[in-house]
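Below is one structure, written out as structure tokens; the observations come after it.
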Amino acid sequence: MGGEVTTQRPRLAYVGPDFHAEQHVHPDPDSFLRRWVFSLDHKVIAKQFLWMGLAFLAIGGTMAMMIRWQLGHPGTAFPVLGELVWPQSGGVMPPQAYSSFFTMHGTIMIFFAITPILIGAFGNFCIPLLIGARDMAFPTLNMLSFWTMFLSSAILVGSFFVPGGSASGGWVSYPTLSTLIGQPAPGQTLWIVAIFLAGSSSIMGAVNYITTVIRLRAPGMGYFDMPLTVWGLWLTAILNALFVPVIAAGMLLLFLDRTFGSHFFVAGMSVTKGGGDPILYQHLFWIFGHPEVYILILPAWGVVSDVLSFFSRKPAFGYKATALSMTAITVLSAVVYGHHMFVVGMSPLLSESFMTLTMLISMPSAVFFLNWLGTMWRGSIRFATPMLFSMGVVFVFGLGGLTGLHLGSIGTDVYLHDSYFVVGHFHLTMAASVLLGAFSAIYFWFPKLFGKMMNETLGKLHFWLTIVPIVLVFGGQLVIGYAGMQRRLYNLDSYTFLQHLQPLNLFITRAALFLGASQFLFVANFLSSLISGQKASENPWEVGTLEWTVPSPPPHHNFDEIPLVLHGPHEFSHPGVKGKDWLAQNEPLDSEPAALGAAGS
Amino acid sequence: MSQESPLHRLVRRGTSRTARGLAFALPLLMAAAAAAGPSSPYAPPADVSTNGHRVTWLFWYTTWLGVIAFTLVCASLVFIVVRYRARAGHRAVYDKGTDRRSLIVTGSLALLVFLSIDLVLVHRSRADIEEYLFKWPTDPKTVRIEVMPQQWAWNFRYAGADGVFNTADDVVTLNELRIPKGRPVFLNLKAKDVIHSFYVPNFRIKQDANPGHVTRMWFQATETGSMEIACSQLCGWAHYKMKADLTVLEDGDFERWYAEAQGDAQRRFDPADTEAQWGWEWVAK
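Going down the list, the protein sequences come from chains Z and A. Residues 1268 to 1868, numbered by the working numbering, are exactly what the first sequence covers, in order. Residues 3 to 287, numbered by the working numbering, are exactly what the second sequence covers, in order.
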């Protein structure tokens, strides 16, 4: 062996359990329905999730524009669309519609845009390809997961058209506002059914992802040889499997309260005797709801950790520490949910415990954040579009993470709770960071997904025209929140102390419209590249993870032969490699003997 | 690298632009932090409470340490972008950051963040809980008020001379709360229909009012004047209109008004009007 640096395991032949041998090569399906609609192929299901997520991203984004329009230009008609949606008020959004829109904006973005794109699309596409498997462990369950989600989204969209309109109790839908006391219309019931079904879809996906990662890793691939993207997706799946059932229970009880007259969450003057406890719902909601924000961000963190290494041409700095930090955060995320409830009237003992546990998250966060910087440090950075978006995540998540400190401590949360400071904070973390991570993933894997390259110039323009307004919009929301403005206000007319904030609201609105408009660059790039993009080679980014060792797009069965993994995912600039600066995970080093006993298929 | 693809060339050309963009972001950020500063037009309404300064102090402590940490992150990003951009003759260092030195540096920086920011927040918040937020007033001059919000109005009830709530001498007001300056005001809150939240920006405090069980809060005003009580929890489509007026009076003025209002209340009391009779046994501890 030449040199002191060695990455290859001393034992080259894989001696572990022989799971990979169970993966047969199936012939491509030949009917249109089996191939494109009810497909069992994880790559097709990934694309189905991607299209669905992007469509809902457009819907949820348009709703955000309308919400911002009302705040920036209160009482004026939203251009063009306003007249179509609210002809009776001359195109002006009425206050009832405003509640319904911010409720559905949150619901759509979280459950029907980010979840399908990052978890549905990239979870499906990446997990088997990056771990060297032919498909998911349970392909039929995978298909069922998508179609359950599809049904759920159909119900959610349908809820706009029932008498009384869609749900309007906020994305958290706290009772008693979400019971018949506050929401007699059927839209809220349909919302509950849709969330329950979306949750079922997530659980199906989660069971599949967890099993696939545990059982179908290619021979030689230990847990610490997996790309960090897979780590992120796997931890997300574990959180989904553990905590989605909790919100499903909450939804079920709320459904019973609305439909069968039970009183799990009903209390107050409308209850003559006994009665339940609306706070119980908040516990159920946030037991799920706090892990949910990590469910959304973990895949993005994983992608960013990989992409930073890929384009810095340098191994991920402290790989194991990053993976373990992500795991530590996953564990902690389960025991901090009470910080959403500091002003509910909880026992101070509970509040203090939740606060202290929340603060502990800073340490693992700081570790992987520093590891991100360490990865780029002394690298040779190529500023391709996926890299720019990942660096954008570092920037935006820094802002979002630090503003979380104000909300995690009771002393400041008593003032900032339910203000725009909260809105700014969670948009920076679970919206902006996650979406920038999703864009990074789309620009990075587009060649593998569709066999075409996206346009780099448009991509970079998209990045700059996205990151600048993101900071202005959500930074502006932080400022206006500290100034005292509450969330979910239709206008500022009632309050004297908010009057001077109208110009700032207008500024935020303009930045938001700018942000919305620049997304057309992405749409144009995505569609035109899909049709007439330059043909992608097998490995256009010159990286070593397994998906780049097969053609773009990969064949139905992914790998002709299941690869034998010899290295970790980030072997860049290895001194033992000549003529290039990367090494595929299954590629033997020149200076070392060829892999012994390569696994068959 | 032996050969450079057209893609890399394009990427390389974009580098200096990236660096300039990041360098531009820094002053922008500092400006944003300053935009919320105490003397800016975006400062919150004047703090006129005995304990509001605790929130202000902790907010700015967290903010400035955050700004310092984030500035360091941005500075390293700019440095990295300029110094380690891909270019001819430059090659990345094969370093996995697993040596002892890297681990110590990363670990101690993480610990530094935890000790300097998180532990201070925990410490100060615990003090806030023990010395203020949950330290219910025992001063005999404490003004006790029951608050029952509903869609979309605030009902306030003072116990009157007998000190018992839901009796004939109770002073009941709608969307108008009068309190004396310099005396603790102790509230019991319970919502009639859906969850509301009692928020007084001038006192830097809020507390949810839930249907079904009583929550508590207290504050003490340091100045007289007119202020606003806002609802900060979504409570239906007219949430944005759910405001009450708060008037802080000199103690003498308050007592004069309170005595007069009790007389009015007793005269107007109608035992048959059950709608108007609400209230609960006072929850102090």
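Backbone N, C-alpha and C define an ideal beta-carbon position, used for all residues, glycine too. Please read all numbers here as calculations on a predicted model, not as lab measurements.
Taking all protein chains shown into account, decide if proline 1566(Z) is buried (16 or more other Cβ within 10 angstroms of its Cβ) or exposed. By the 10 Å Cβ count, proline 1566(Z) comes out buried.
Ordered along the chain, which non-local residues of its own chain (more than five positions away) have a Cβ less than 6 angstroms from that of phenylalanine 1650(Z)? Cβ within range, chain order: n/a, list empty.
Provide the residue span of the alpha helix (DSSP H) that contains cysteine 76(A), from first to last. Where cysteine 76(A) is concerned, the enclosing alpha helix (DSSP H) stretches over 54 to 85.
Status (buried if at least 16 other CB within 10 Å, exposed otherwise) for serine 228(A): With fewer than 16 other Cβ atoms within 10 Å, it is exposed.
Residues of chain Z with CB under 8 angstroms from phenylalanine 136(A), in chain order? For phenylalanine 136(A), the chain Z residues whose C-beta falls within less than 8 angstroms of its own C-beta are Pro1615, listed in chain order.
Given that leucine 1640(Z) touches chain A, what residues does it touch there, using C-beta distances under 8 angstroms? Under the 8 angstroms cutoff, chain A gives Val75, Ser78, Leu79, Ile82.
Are the beta-carbon atoms of valine 1611(Z) and aspartate 247(A) separated by less than 8 angstroms? Taking a C-beta distance under 8 angstroms as the contact criterion, valine 1611(Z) and aspartate 247(A) do not qualify as a contact pair.
Would you verify that the beta carbon of threonine 217(A) is, or is not, closer than 8 angstroms to some beta carbon of chain Z? Chain Z contact via Cβ: present.
Those residues which DSSP pairs with aspartate 1295(Z) across a bridge: The partner list for aspartate 1295(Z) (beta bridge, DSSP) is empty, contrary to what the question assumes.
Cβ pair glycine 1436(Z), serine 1445(Z) closer than 8 angstroms: Serine 1445(Z) sits close to glycine 1436(Z), with the two beta carbons spaced by under 8 angstroms.
Would asparagine 157(A) pass as an interface residue toward chain Z - the criterion being a Cβ-Cβ separation below 8 angstroms? Under the 8 angstroms criterion on CB atoms, asparagine 157(A) is classed as non-interfacial with respect to chain Z.
With three or more beta-carbon pairs closer than 8 angstroms as the criterion, would you say the segment 1717 to 1726 of chain Z touches the segment 187 to 194 of chain A? Because the criterion of three Cβ pairs below 8 angstroms is not met, the segment 1717 to 1726 of chain Z and the segment 187 to 194 of chain A do not touch.
What are the start and end residues of the beta strand (DSSP E) that includes methionine 150(A)? That run of the beta strand (DSSP E) goes 145 to 152.
If the cut-off is 7 angstroms on Cβ atoms, which residues from the segment 204 to 236 of chain A count as contacting chain Z, listed in chain order? Within the segment 204 to 236 of chain A, the qualifying residues are Arg206, Ile207, Lys208, Gln209, Asp210, Asn212, Pro213, Gly214, Thr217, Glu230, Ala232, Ser234, Gln235, Leu236.
Of the residues that make up the segment 1360 to 1387 of chain Z, which ones have a beta carbon closer than 8 angstroms to any beta carbon in chain A? Within the segment 1360 to 1387 of chain Z, the qualifying residues are Pro1362, Gln1363, Tyr1365, Ser1366.
Neighbourhood of tyrosine 1561(Z) by C-beta distance below 7 angstroms, restricted to the same chain and skipping five residues each side: Its chain contains Leu1506, Ile1596, Thr1597, Ser1600 as the residues whose beta carbon lies nearer than 7 angstroms to that of tyrosine 1561(Z), once the 5 sequence neighbours on both sides are disregarded; these appear in chain order.
Tryptophan 1458(Z) beta carbon less than 8 angstroms from that of threonine 1374(Z): The answer is yes: Cβ separation under 8 angstroms.
Using three-state DSSP, classify methionine 1752(Z) as helix, strand or coil. In this structure, methionine 1752(Z) counts as coil in the three-state DSSP scheme.
Buried/exposed call for proline 1871(Z), threshold 16 Cβ in 10 Å: In the structure as shown, chain Z starts at 1268 and stops at 1868, and residue 1871(Z) therefore has no counterpart that could be examined.
Residues that glutamine 1753(Z) contacts on chain A, provided the C-beta gap is smaller than 8 angstroms: Tyr201, Ala232, Cys233, Ser234, listed in chain order.
Validate contact between the segment 276 to 286 of chain A and the segment 154 to 172 of chain A using beta carbons, cut 8 angstroms, 3 pairs: Output reads yes: the segment 154 to 172 of chain A touches the segment 276 to 286 of chain A.
Starting from aspartate 210(A), follow its DSSP beta bridges and name the residues at the other end. In the DSSP secondary-structure assignment, aspartate 210(A) is bridged to Ser199(A).
For the pair the segment 1378 to 1392 of chain Z and the segment 1413 to 1430 of chain Z, tell me if three or more CB-CB distances fall below 8 angstroms. Here the segment 1378 to 1392 of chain Z makes contact with the segment 1413 to 1430 of chain Z; the two share three or more CB pairs at distances below 8 angstroms.
Which residues DSSP lists as bridging glycine 1320(Z), in chain order: BP columns for glycine 1320(Z) are empty, so no partner.
May I ask you to report which of helix, strand or coil DSSP gives serine 51(A)? In the three-state DSSP reduction, serine 51(A) falls in the strand class (E or B).
Is it a yes or a no for the segment 1365 to 1372 of chain Z touching the segment 1319 to 1330 of chain Z, going by three-plus beta-carbon pairs under 8 angstroms? A contact exists between the segment 1365 to 1372 of chain Z and the segment 1319 to 1330 of chain Z.
For the segment 248 to 274 of chain A, list the alpha helix (DSSP H) runs that are entirely contained and at least 4 residues long, ordered along the chain. You should have 253 to 270.
Can you tell me the Cα-Cα spacing of phenylalanine 1345(Z) and valine 1359(Z), whole angstroms? Taking the straight line from one Cα to the other gives about 6 angstroms.
Simplified DSSP state of lysine 1314(Z), which is helix, strand or coil: In this structure, DSSP gives lysine 1314(Z) a helical state, which the three-state scheme calls helix.
Could you name the residues of the segment 84 to 105 of chain A whose beta carbon sits closer than 9 angstroms to any beta carbon of chain Z, in the order they occur along the chain? Answer set for the segment 84 to 105 of chain A: Arg85, Tyr86, Arg87, Ala88, Arg89, His92, Arg93, Ala94, Val95, Tyr96, Asp97, Lys98, Gly99, Thr100, Ser104, Leu105.
Taking its Cβ as the centre, do 16 or more other Cβ atoms sit within 10 Å of serine 104(A), making it buried, or is it exposed? Taking all protein chains shown into account, serine 104(A) has 16 or more neighbouring C-beta atoms within 10 Å of its C-beta and is therefore buried.
Taking all protein chains shown into account, do 16 or more other C-beta atoms lie within 10 angstroms of the C-beta of histidine 1767(Z), making it buried, or fewer, making it exposed? The residue in question, histidine 1767(Z), is exposed, as its Cβ has fewer than 16 Cβ neighbours within 10 Å.
Along the chain, where does the beta strand (DSSP E) that runs through proline 188(A) open and close? For the record, residue 188(A) in the displayed sequence is phenylalanine; it is not proline. Start and end: 187 to 191.
Following the continuous beta strand (DSSP E) through serine 228(A), name the residue where it begins and the one where it ends. Per DSSP, serine 228(A) belongs to the beta strand (DSSP E) from 227 to 233.
Between the segment 1777 to 1797 of chain Z and the segment 1729 to 1748 of chain Z, can you find at least three pairs of beta-carbon atoms closer than 8 angstroms? Taking 8 angstroms as the limit for Cβ pairs, the verdict is that the segment 1777 to 1797 of chain Z does touch the segment 1729 to 1748 of chain Z.
Just reading off the beta strand (DSSP E) that arginine 218(A) is part of, what are its end residues? Boundaries of the beta strand (DSSP E) harbouring arginine 218(A): 217 to 221, taken from the DSSP string.
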